[in-house]
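Novice:
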Amino acid sequence: MKIMTNSKEILKRGYVRRLLPAEEGGYTASIQEFPGLVAEGDTAEEALANLEKAALSWLDVSLANGREIREPISFDSFSGKIALRIPRGLHQQVAALAECEECSVN
Numbered sequence: 044m045k046i047m048t049n050s051k052e053i054l055k056r057g058y059v060r061r062l063l064p065a066e067e068g069g070y071t072a073s074i075q076e077f078p079g080l081v082a083e084g085d086t087a088e089e090a091l092a093n094l095e096k097a098a099l100s101w102l103d104v105s106l107a108n109g110r111e112i113r114e115p116i117s118f119d120s121f122s123g124k125i126a127l128r129i130p131r132g133l134h135q136q137v138a139a140l141a142e143c144e145e146c147s148v149n
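The sequence shown: position 31 = 74 (my numbering), numbered continuously.
#1: Express the C-alpha separation of residue 81 and residue 50 in angstroms, rounding to a whole number.
#2: With a cut-off of 8 Å, do at least 3 Cβ pairs link the segment 125–135 to the segment 97–109?
#3: Compare the Cα-Cα distances from residue 54 to each of 71, 64, 70, 91 and report the closest residue.
#4: From the DSSP output, read off the bridge partner residues of residue 82.
#5: From residue 45 to residue 112, what distance separates their C-alpha atoms?
#6: By the three-class DSSP mapping on this structure, what secondary structure does residue 131 have?
#7: Check whether the segment 52–70 touches the segment 93–105, taking contact to mean three or more Cβ pairs, one atom from each stretch, closer than 8 Å.
#8: With DSSP as the reference, identify every bridge partner of residue 61, one or two as the case may be.
#9: Taking all protein chains shown into account, do 16 or more other C-beta atoms lie within 10 angstroms of the C-beta of residue 121, making it buried, or fewer, making it exposed?
#10: Just the Cα atoms here: how many angstroms apart are residue 85 and residue 119?
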């Protein structure tokens, strides 16, 4: 596999972007695979544009510091079936992701 060192090249890959309306108005956007990366905007479009700019900076700093960049999440290798006990907060997050995927947590 080719090691990518260009932030723009890396960002073109299929990373999971999340866009949520903020309680106080506007929107919050993040990339799931990039810990701590969050951007905001008054509109969804502005939040996503700000996210792309912030992601390029995040990647530049991460690469400059030798940090490994996670691969984009691939949903192809998951069956969607799991049986285990988890904390309530994590259950809430799993349920939200399941809703996005239009499937059941069961």
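Here a beta-carbon is modelled for each residue, glycine too, at the ideal position from N, C-alpha and C.
Specialist: On the basis of the supplied data:
#1: Taking the straight line joining both Cα atoms gives about 17 Å.
#2: The segment 125–135 is not in contact with the segment 97–109.
#3: Residue nearest to residue 54 within the set 71, 64, 70, 91 is 91 (criterion: CA-CA distance).
#4: Beta-bridge pairing links residue 82 to 72.
#5: Reliability of the predicted coordinates at residue 45 is poor, the pLDDT of 46 falling under 50, and no value is obtained from them.
#6: For residue 131, the three-state secondary structure derived from DSSP is helix.
#7: Output reads yes: the segment 93–105 touches the segment 52–70.
#8: The beta-bridge partner set that DSSP reports for residue 61 consists of 73.
#9: Exposed, by the Cβ-count rule.
#10: The alpha-carbon atoms of residue 85 and residue 119 are separated by roughly 34 Å.
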